[in-house]
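Residue numbers (our numbering), protein chains in the order written: chain A, 75 to 579; chain B, 75 to 579. The beta carbon of each residue, even a glycine, is placed where N, CA and C say it ideally should be. Taking it in order: structure first as structure tokens, then the write-up.
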């Protein structure tokens, strides 16, 4: 029997070095979005480009290929779910993806998207799409180059980009679940509109002092299980969660004194991501078993805590007394049911991150369609505002008044994240499936939430999803955990169970 | 003529890569001191250790030696003040210092000082010098080894250590200026004590709300020319300034609601460092011409803005109305002259970092003398407390009640920073010289300050000191700028001009 201990240990050492470099870049990326002074943008782009370059060099070192080949030929990877087999499988995937990209392209993408994000911030502020358009053009050219370099078999270039975020997923498969979800969503939105019922959402626009919002958000994130001894909450233009590694996970949100839901549900959402990061096997840092398995699964965690838990009647029956203490001016005369109805209003709106649980998926489908056209070259960057507004009107029946509320609202394209958006809707579907499976094992989740008992769900997620890292890819994980393949049905059931009574359907 | 363009360009590329790595580590170091969650400490140490390792590897690459040798033999470095000659000279110095130390010694110093600092924290807390003594012994042995490896010609081992912080400075030269400075200081302190005058310092211990302190500190730092578009001010337990590179310089301070001077003068001090960093030639980042020239010169900038400007009567006649608006409760009934007297109280005290402008230098001289004896082996670690207290009593006329207020107060020795202390007092003397030279050119500086006009001084420093980077080492820079070699006289003149009237001498 070949002695493979030495090559495997050497491989792990190399993989951990690459991860450490990536985690250093993550700190600089977080700082760029939270605290970077304006004049430091160019230097930060140089720093990040440099780290990306040396990270790429190390990740594509021929030595890794040799070690992988030796292990792959060793006959020791028989059990495909064993730690060694998983780490080798995922290292092979990363190595092959990375070696297909020339270093020049990696550095150029890092540099252009770093500057592109700064340009996007300014363009969005000024509602000035033409100021961003040249960056979008450059980024698209680079992403098409990336897709060509990665390859996509007999699929479409978009497959190569999607696969970066949702390993193994194909554009056609996503289209196949999106179609019935869209039909069900449009039907539900129509029924809600025709119900004529409209909650009083003005209570959410009262004065909610920002310090109190921050405190209440941290209280809620702590309740659901985010550990602030191993993390933080800061302010960023475009909220995100970044796990730097063991013991350090950063959440961000943004506050509006006269709009309660934005920061609060944003905080729960990012805390959901953070709980996934904090639930990883910390000892396995730097290897596949210590990493989250896909963005879709990541999003299933954030959306579950934000919507399935955070917008439930049971959650608010527990936290509303504290909300009243934090916001006496806004909430002292508001019954909890009115508040619950307000945070669950369903209506077409312009901003994806503020959309309700039902219409949200339509926002994703719009972006999914547009970015497929952009990558395919069927849509030109200059035509994005018109195409966005046309499709938006078709999906939602309303037209964005400006590009800040239209095609400039998201950071993704400026950051080069094409293929990322569909993972949000995949996450909603996975969340529906996991939530049903958890309830099967744990019993009445709403009774637990009403008693302030969120740890059983958190620990169920830790056990079934988080601690497994990349052991299973998303499609297999959902089958292992729920016994069923990816499906929109549990999500649609959840939406009806919740919104039918709210709107008297 | 040899074509040296290519090796020089290659050298600059390598030097910039090393600087970029260092600037990434600086971001992580800043975050460690400002925002790192407690559980992230170990991972951050791993990240920083990893970056230090690859930085060292790159900085000691034999290719740099080859490039330097080629350039040194090219005959193109005839003008020693040319950009190429300066960059090659300083790159050679860094390369030789980095490669003269065996890796084992570097790692051992890192390990022992890391543990030594932990031992020091505990020993200081428990006022227990014997608990720290074995670490001091080990550290001294290692620092003597370091001095031997670096070399010191026909000088003393301490020269090799001092040179790390103040390139080119010799122990004997520092002794030569410290002796008359000590005599003048002791004389002035005695006269002040005998004057019997004592300002009412209790006004500085009133309530100064932290938000207002922060706002007022930023206002003052902006006034003296720190650019917040290219920098920030955050909170850290141990205040520092970190220049990350072009457009990004971070200041930190710490607030005490009932002690005004700490945060305010700390902010001006760090802003002085920051103005130096911001005044560097940003295009020259990564080369000697884009770097500060020595710790002594750096300190001359921070101490000038903190003391020569920030504690002047003229400065306060301009900013006191704003101070009253920020702190109405504390200052509405305080005449500006009383406030000015309070922030300029002079009295012997035990803690260096809280010392006034006059006695501060005595704290430095005491440490300078003791650490020379320690490195030379004339003083044994076991005898440090007795030697400290004896010398302290001789210098200050008071005796530390315990070692926490005596020889255990500073982190420096536990961190292996022998040779660092004298740069603080050198900075004060350089500040005196630069301030006199600036006044010769700009006229009555106090009249400018009283009118809120700080930019002439800032721009004079930009022109004469900052934009030169490492073109001249400290000793030569002071001659080029002031026409005189290093001297204590301008500082002594400044102290008399200020404190004689304050104490009626």
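Residue i: first and last residue of the uninterrupted alpha helix (DSSP H) it sits in
i                     : result
residue 566 (chain A) : 563-576
residue 484 (chain B) : It is not in any alpha helix (DSSP H) - residue 484 (chain B) carries neither H nor E in the DSSP assignment.
residue 376 (chain A) : 369-377
residue 306 (chain B) : Counting along the chain, residue 306 (chain B) falls outside any alpha helix (DSSP H), though it belongs to the beta strand (DSSP E) covering 305-309.
residue 201 (chain A) : Segment: none, residue 201 (chain A) is in no alpha helix (DSSP H) and carries neither H nor E.
residue 352 (chain A) : 334-353
residue 536 (chain B) : 529-538
residue 118 (chain A) : 115-133
residue 502 (chain B) : 496-516
residue 292 (chain B) : 284-297
residue 136 (chain B) : 136-146
residue 556 (chain B) : 548-556
residue 519 (chain A) : 519-524
Residue i and residue j closer than 9 Å at C-beta
i                     : j                     : result
residue 411 (chain A) : residue 277 (chain A) : no
residue 186 (chain A) : residue 209 (chain A) : yes
residue 466 (chain B) : residue 474 (chain B) : yes
residue 235 (chain A) : residue 492 (chain A) : yes
residue 479 (chain B) : residue 438 (chain B) : no
residue 275 (chain B) : residue 436 (chain B) : no
residue 347 (chain A) : residue 375 (chain A) : yes
residue 341 (chain A) : residue 417 (chain A) : no
residue 326 (chain A) : residue 497 (chain A) : no
residue 334 (chain B) : residue 385 (chain B) : no
residue 529 (chain B) : residue 353 (chain B) : no
residue 122 (chain B) : residue 103 (chain B) : yes
residue 570 (chain B) : residue 560 (chain B) : no
residue 515 (chain A) : residue 534 (chain A) : yes
residue 62 (chain A)  : residue 92 (chain A)  : Since the first residue of chain A shown is 75 and the last is 579, residue 62 (chain A) is not available in this structure.
residue 191 (chain A) : residue 116 (chain A) : no
residue 431 (chain A) : residue 572 (chain A) : yes
residue 88 (chain B)  : residue 135 (chain B) : yes
residue 368 (chain B) : residue 243 (chain B) : yes
residue 143 (chain A) : residue 172 (chain A) : no
residue 328 (chain A) : residue 316 (chain A) : no
residue 494 (chain B) : residue 239 (chain B) : yes
Run of the beta strand (DSSP E) containing residue i, from where it starts to where it stops
i                     : result
residue 263 (chain A) : Note, residue 263 (chain A): premise wrong, no beta strand (DSSP E); alpha helix (DSSP H) at 245-269.
residue 473 (chain B) : Unbroken run through residue 473 (chain B): none, as it is neither H nor E.
residue 322 (chain B) : 322-327
residue 318 (chain A) : 315-319
Inter-residue CB distance, residue i and residue j (contact presumed, cutoff 8 Å)
i                     : j                     : result
residue 322 (chain A) : residue 113 (chain B) : 7 Å
residue 251 (chain B) : residue 503 (chain B) : 6 Å
residue 312 (chain A) : residue 485 (chain A) : 4 Å
residue 227 (chain B) : residue 245 (chain B) : With a Cβ gap of about 12 Å, residue 227 (chain B) and residue 245 (chain B) do not count as contacting.
residue 449 (chain A) : residue 221 (chain A) : 7 Å
residue 206 (chain A) : residue 488 (chain A) : 7 Å
residue 286 (chain A) : residue 130 (chain A) : Wrong, their Cβ atoms sit about 45 Å apart, outside the cutoff.
residue 508 (chain A) : residue 555 (chain A) : 6 Å
**Report entry** Ordered list of alpha helix (DSSP H) runs contained in the region 389-446 of chain A, each at least 4 residues
**Finding:** As far as the region 389-446 of chain A is concerned, its whole alpha helix (DSSP H) runs of at least 4 residues are 402-405 and 410-416.
Report task. Pull out every residue of the region 108-121 of chain B whose Cβ sits closer than 8 Å to any Cβ of chain A, in chain order. Result -> 109, 110, 111, 112, 113, 114, 115, 116, 117, 118, 120 and 121
Query raised in the report: Looking at chain A, which residues of the region 291-324 of chain B have a Cβ within less than 9 Å of any of its Cβ atoms?
Result: 301, 302, 303, 304, 305, 306, 308, 318, 319, 320, 321, 322, 323 and 324
Report task. Name, going along the chain, the residues of the region 97-108 of chain B whose beta-carbon falls closer than 7 Å to a beta-carbon of chain A. Result -> 97, 98, 101, 102 and 105
Query raised in the report: Closer than 9 Å, Cβ to any Cβ of chain A: which residues of the region 439-452 of chain B, in chain order?
Result: none
Report task. Taking a Cβ distance cut-off of 8 Å, strictly less, list which residues of the region 162-188 of chain A are near chain B, in chain order. Result -> Under the 8 Å Cβ criterion, the region 162-188 of chain A contributes no residue.
Query raised in the report: Going along the region 82-94 of chain A in order, which residues come within less than 8 Å of chain B, judged by CB to CB distance?
Result: 91 and 94
Query - Entirely enclosed beta strand (DSSP E) segments - the region 170-243 of chain A, minimum 3 residues - result: none
Requested in this report: Determine which residues of the region 120-149 of chain A have a Cβ less than 7 Å from any Cβ of chain B, and write them out in chain order.
Outcome: 120, 121, 124 and 125
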